[in-house]
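Asker: Start counting the sequence shown at 3; every next residue gets the next number (our numbering). The C-beta atom is built at its ideal place from N, Cα and C for all residues, glycine as well. Here it is: the structure, laid out below.
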Amino acid sequence: GLGVALKALKRPAEALPLDQRALAVAEKTLGPDHPDTSKRLWNLSETLVALGRHDEALAALRRVLAIQDKLHGPGDAHVAEAHVDLSKFFVAHKRLPEAWAEAARARAIADKSAPTQLASSLAALADVRRAERRRAEAVQLLVQAVAVDVKTPPSDKSAAGARLRSLAEVYAEAGKLDLASATYERALAFWDKDPDATGERGEVRFSFAKAIAARDRTRATELAKTAREEFASAQYADQRAEVDKWIAGR
Numbered sequence: 003g004l005g006v007a008l009k010a011l012k013r014p015a016e017a018l019p020l021d022q023r024a025l026a027v028a029e030k031t032l033g034p035d036h037p038d039t040s041k042r043l044w045n046l047s048e049t050l051v052a053l054g055r056h057d058e059a060l061a062a063l064r065r066v067l068a069i070q071d072k073l074h075g076p077g078d079a080h081v082a083e084a085h086v087d088l089s090k091f092f093v094a095h096k097r098l099p100e101a102w103a104e105a106a107r108a109r110a111i112a113d114k115s116a117p118t119q120l121a122s123s124l125a126a127l128a129d130v131r132r133a134e135r136r137r138a139e140a141v142q143l144l145v146q147a148v149a150v151d152v153k154t155p156p157s158d159k160s161a162a163g164a165r166l167r168s169l170a171e172v173y174a175e176a177g178k179l180d181l182a183s184a185t186y187e188r189a190l191a192f193w194d195k196d197p198d199a200t201g202e203r204g205e206v207r208f209s210f211a212k213a214i215a216a217r218d219r220t221r222a223t224e225l226a227k228t229a230r231e232e233f234a235s236a237q238y239a240d241q242r243a244e245v246d247k248w249i250a251g252r
């Protein structure tokens, strides 16, 4: 809807009243525990995070979890997904023990009864270890997540691509640039299959450029310039400006 579009354009203050109204309408017409109400709560949580209203965002995410648990039972994939969302929130706010606990709950559900959430729960655990700078463990978890994606491609293609990029970045952070480069190339090949994934390719190329800049300045600059071209759309104005600044500083 319009609220989602406004968030994509970095206009969360305008999206907020729309998201709040959509939630109120869903609660009134469908009930407080309806799947559509949960979806609108999740949209609202994203807007609240963008506005820095983190306590309210967390309350919304916890309510999403409660709704999914009530609708589907504690062993369902929707519940695992809600735990992953909470884990991501806690990682972003450096509340790492809580992030690990949520990701571990998602992993337990995935192992027992929701295999479609296995890769995302592994990646959530990896995000925590990466934030803790425990990179060897993060790599191990991401390798497992990527292997799951290869064996059983997820419906959310963007999530699989993001996991490949994360693995490449962690390899680079660990100083394993050969493995990082090979994984970046694999991520680019993944996104090259989708002609509409210009933003995703731009993100991968710019990350790749920064990873190898000290070792191969020429290739890094080429990657960054191509990323800048892929950020031509107005919705990527911030990313393009960041690439321009990076290139100018080389």
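#1: Which residue comes first and which comes last in the alpha helix (DSSP H) that contains histidine 36?
#2: For the putative contact between arginine 42 and alanine 24, defined by C-beta atoms under 8 Å, what is the C-beta separation to the nearest angstrom?
#3: Excluding the five sequence neighbours on either side, which residues of its own chain have a C-beta within less than 6 Å of the C-beta of alanine 215, listed in chain order?
#4: When DSSP labels each residue in this structure, what does glycine 201 get in the three-state scheme?
#5: Near alanine 101, what residues of its chain come up, given a Cβ to Cβ distance below 7 Å and the 5 sequence neighbours on each side ignored?
#6: Quick check on the DSSP output: the alpha helix (DSSP H) that includes threonine 228 runs from which residue to which?
#7: Could you tell me the alpha carbon to alpha carbon distance between leucine 138 and alanine 243, rounded to whole angstroms?
#8: For threonine 39, collect the residues of the same chain with a Cβ closer than 8 Å to its Cβ; drop the 5 residues on either side in sequence, then sort them by chain order.
#9: When you compare the CB positions of tyrosine 186 and alanine 162, do they come within less than 9 Å of one another, or not?
#10: Who are the Cβ neighbours of threonine 228 in its own chain at under 7 Å, not counting the five residues just before and after it?
#11: By alpha-carbon positions, which one of Arg107, Asp21, Trp248 and Asp35 ends up nearest to leucine 46?
#12: Only counting the same chain, and skipping five residues up and downstream in sequence, which positions put a Cβ closer than 6 Å to that of alanine 182?
#13: In three-state terms, what does DSSP make of lysine 153?
#14: Starting from glutamate 134, trace the alpha helix (DSSP H) in both directions and tell me its first and last residue.
#15: In the DSSP assignment, find the unbroken alpha helix (DSSP H) run with aspartate 194 in it and report its ends.
#16: Out of Pro99, Asp180 and Gly204, which has the shortest C-alpha to C-alpha gap to glutamate 224?
#17: So is glutamate 231 buried or exposed if we call it buried at 16+ other beta carbons inside 10 Å?
#18: Please state whether DSSP places lysine 96 in a helix, a strand or coil.
#19: What residue does the alpha helix (DSSP H) around alanine 162 start on, and which one ends it?
Answerer: Quick answer:
#1: Bounds of any alpha helix (DSSP H) do not take in histidine 36, whose DSSP letter is neither H nor E.
#2: Between arginine 42 and alanine 24 the beta-carbon gap is near 5 Å, inside 8 Å, which marks them as a contact.
#3: Ala222.
#4: Assigned with DSSP and collapsed to three states, glycine 201 falls in helix.
#5: Cβ neighbours of alanine 101 beyond the five flanking positions: Ser89, Phe92, Val93 and Val130.
#6: Looking at the DSSP string, the run of the alpha helix (DSSP H) that includes threonine 228 is 219-232.
#7: Leucine is not the amino acid found at residue 138; the sequence shown has alanine there. Answer to the nearest angstrom: the Cα atoms are 33 Å apart.
#8: For threonine 39, where only same-chain residues beyond five positions count, the Cβ hits under 8 Å are Leu25, Ala28, Glu29, Leu32, Gly33 and Ile69.
#9: Alanine 162 is positioned such that its CB atom lies no closer than 9 Å to that of tyrosine 186.
#10: Closer than 7 Å at the Cβ level, and outside the excluded window around threonine 228, lie Arg207.
#11: Closest option to leucine 46, judged by alpha-carbon separation, among Arg107, Asp21, Trp248 and Asp35: Asp21.
#12: Hits under 6 Å: Ala170, Tyr173, Ala174 and Ala213.
#13: Three-state result, lysine 153: helix.
#14: Boundaries cannot be given for glutamate 134, as no alpha helix (DSSP H) includes it and DSSP labels it neither H nor E.
#15: 179-194 is the span of the alpha helix (DSSP H), which, as asked, contains aspartate 194.
#16: The residue with the shortest Cα to Cα distance from glutamate 224 is Gly204.
#17: Counting the other CB atoms within 10 Å of its CB gives glutamate 231 a total below 16, which places it among the exposed residues.
#18: The answer is coil: DSSP assigns lysine 96 none of H, G, I, E or B.
#19: Segment 159-175, the alpha helix (DSSP H) holding alanine 162.
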